[in-house]
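One line per chain: the protein sequences are C and A, in this order. Residue 114 in full-length UniProt numbering is what sits at position 114 of the first sequence, and the numbering runs on without skipping anything. Residue 9 in full-length UniProt numbering is what sits at position 9 of the second sequence, and the numbering runs on without skipping anything. Don't be surprised by glycine CBs; every beta carbon is placed ideally from N, CA and C. Remember, it's a predicted structure, so these values are computed and weren't measured experimentally. Let me begin by presenting the structure, written as structure tokens, before commenting on it.
Protein chains: 2
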Amino acid sequence: MTERCLCTSLRQAAAFSTAHYDAVLAPAGIKITMFRLLRRIDEAGCVSISDLAGIVGLDRSTLGRNLRVLEKQDLIATRPGQDQRERVVELTDHGRRTLETALPLWRSAQDSFAALLGPDVLTILEGLADLNKNQETYEGDRA
Amino acid sequence: MTERCLCTSLRQAAAFSTAHYDAVLAPAGIKITMFRLLRRIDEAGCVSISDLAGIVGLDRSTLGRNLRVLEKQDLIATRPGQDQRERVVELTDHGRRTLETALPLWRSAQDSFAALLGPDVLTILEGLADLNKNQETYEGDRA
DNA sequence: CAAAATTACGGGTATATACCCGCATCATGA
DNA sequence: TCATGATGCGGGTATATACCCGTAATTTTG
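Structure follows, in structure tokens:
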């Protein structure tokens, strides 16, 4: 019985949780990763890709590709900003409706997952999310 | 301040931890994902892809692709098994040496990460890894 | 024993992610 | 004002992962 790799445990737990949220969100037609982006874009209103990347803590190019998928599904729209280098992102109507459909589903996934974990684990998990605080420029707000 | 998504927190924590382990393992020329596979293959001695997939809890095709990378780096060798449908995997000498180089590095990554988390979180995290127990056929052994 | 079901694998495709590089565009300072 | 440097973005490529499908081999069963 080799000692468990903490990193591997975390990765597996993340994969498990992702599958759980994805399954619950399925009726809305989006997955947890995309839900997260939509929610952040909704909050931000109208952001550049780089700014959003800072907010969500993703690489800019990663985010760009993810956004292209969302755009193809007509969930978001992008257009050049005042600064012609920027592309500015915002939700479409369809994106807003999708987000509204997804929100109670997310709520339910969140609650059932929290119940599965139990209160102790919950507290810990919230703390875990702050590991990244150093890396990320993003700060203060929670999600 | 929107409520944090537990799934996203977990995913971010996993990403952070992965970066940590990868950085520490870098001198050995492998990442934590590959280290994990090498270690399991070493334990198993000589397994088929499907069996190994069961052990590590990965999709067979995912594992197949990962193994191809390891094979290209001459860390493992594959050959057809007695059952001609199977491909059987084992470490090469280079793979074994790499694993030996990597082990103390992993140890160090594990210790520093554990220290970063603190004992409470540690206990929790070990429990988290068992979330998958249901999904996975894999059982009993730890890593 | 031959037909049918099962199993093992690879390939295609998709998601989610990162890094590096090049090309625009903007901002600055000589 | 205009060269130089910084910034924003996309593309190329790579890793890590999954699902589905087709093909080949084995096992089961009638």
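Three-state class that DSSP yields for residue i in the structure shown
{"i": "E43(C)", "result": "helix"}
{"i": "R36(A)", "result": "helix"}
{"i": "E126(C)", "result": "helix"}
{"i": "E86(A)", "result": "coil"}
{"i": "L99(C)", "result": "helix"}
{"i": "T2(A)", "result": "coil"}
Whether residue i touches residue j by CB criterion (8 Å)
{"i": "R79(C)", "j": "S48(C)", "result": "no"}
{"i": "L117(A)", "j": "L125(C)", "result": "no"}
{"i": "A13(A)", "j": "L128(C)", "result": "yes"}
{"i": "L75(A)", "j": "T92(A)", "result": "yes"}
{"i": "V56(C)", "j": "L67(C)", "result": "no"}
{"i": "R36(C)", "j": "S50(C)", "result": "no"}
{"i": "E43(C)", "j": "T2(A)", "result": "yes"}
{"i": "N45(C)", "j": "E90(C)", "result": "Going by the sequence as given, residue 45(C) is Gly instead of Asn. Going by C-beta atoms, G45(C) is nearer than 8 Å to E90(C)."}
Chain C contact for residue i (CB, 8 Å cutoff)
{"i": "L128(A)", "result": "yes"}
{"i": "G95(A)", "result": "no"}
{"i": "I32(A)", "result": "yes"}
{"i": "I124(A)", "result": "yes"}
{"i": "E43(A)", "result": "yes"}
{"i": "R65(A)", "result": "no"}
Presumed contact (8 Å Cβ cut-off) between residue i and residue j, rounded CB distance
{"i": "T18(C)", "j": "I32(C)", "result": "6 Å"}
{"i": "A115(C)", "j": "L6(A)", "result": "Wrong, their Cβ atoms sit about 11 Å apart, outside the cutoff."}
{"i": "R39(C)", "j": "L99(C)", "result": "7 Å"}
Chain A contact for residue i (CB, 8 Å cutoff)
{"i": "V121(C)", "result": "yes"}
{"i": "A102(C)", "result": "no"}
{"i": "G57(C)", "result": "yes"}
{"i": "T8(C)", "result": "yes"}
{"i": "A14(C)", "result": "yes"}
{"i": "A28(C)", "result": "no"}
Minimum C-alpha distance to residue i - residue among the options
{"i": "V24(C)", "options": "A15(C), S108(C) and L99(C)", "result": "S108(C)"}
{"i": "A26(C)", "options": "L105(C), L122(C), G127(C) and P119(C)", "result": "L105(C)"}
{"i": "L70(A)", "options": "G95(A), G81(A) and L103(A)", "result": "G95(A)"}
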